[in-house]
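Student: Supplied in structure tokens, the structure appears directly below.
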Amino acid sequence: MINIYIDAEWYISQRIFLIGYAIEDTDTGDVTIHQVYHRNIYRNQIIKLFEQCTGFVFFWGPDIGMLEKRFRFPIRSKYHCVNLLRVTRLLIPGLPSYALASIEEHFGLYRKQVKYKKNIFSIYTDWRNPELKKKVLAYNFEDVYYLILTTRIMFAKYQPTNAWLRDHTLA
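Residue numbers (our numbering): 1430 to 1600.
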């Protein structure tokens, strides 16, 4: 089964400038993380990415809705999209915060790139600065990486079945 993890970064105007994604082969355990940005983000590429998915598309928050809007592609009606924010609320009710950074800390995960977790608005200005763009890329890469780690830890602990995910957590 091939799962996709996805994290998009966008300006306040909702224009996507960076997409980080991972392709996970659950049969082999192989995971590859990729990033696309600038003029390399185009509709056909996104469609080809999702066409690889034979399992689930995992994301946190509004990313799939933003991608559907930007690329005019009905991702949620074609694939089993799992909003991990919603999953976390269902599996672990009563937490003081459901921000991804808080969930990561809940599971004992701590990032190297924390600047944008503290002030997400600085990501836009840093992206436009060639000297700081590498930090934004590293942050997005960690977003995808930690999304995978958090999901694996949470699923190992709470053991939701694929049927449960399909029935309860579509975006």
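We treat Cβ as the ideally placed atom computed from N, Cα and C, and that holds for glycine.
Could you have a look at Q1464 and say whether DSSP puts it in helix, strand or coil?
Tutor: strand
Student: For a quick check, are the C-beta atoms of F1488 and L1513 less than 8 Å apart?
Tutor: Cβ distance < 8 Å, so F1488 and L1513 count as in contact.
Student: Considering only DSSP beta bridges, list what W1439 is partnered with.
Tutor: I1445
Student: Go through the region 1507-1550 residue by residue and report every complete run of the beta strand (DSSP E) that reaches 3 residues or more, in order.
Tutor: 1509-1512
Student: For F1570 and Q1464, which I take to be in contact (beta-carbon distance under 8 Å), what is that distance rounded to the nearest angstrom?
Tutor: 7 Å
Student: Between I1431 and A1437, how many whole angstroms is the CB-CB distance? I'm expecting something under 8 Å.
Tutor: That belief does not hold up - the Cβ atoms of I1431 and A1437 are roughly 19 Å apart, past 8 Å.
Student: How should F1485 be labelled, buried or exposed, when 16 other C-beta atoms within 10 angstroms of its C-beta is the threshold for buried?
Tutor: buried
Student: How far does the beta strand (DSSP E) with F1487 in it extend, from its first residue to its last?
Tutor: 1485-1488
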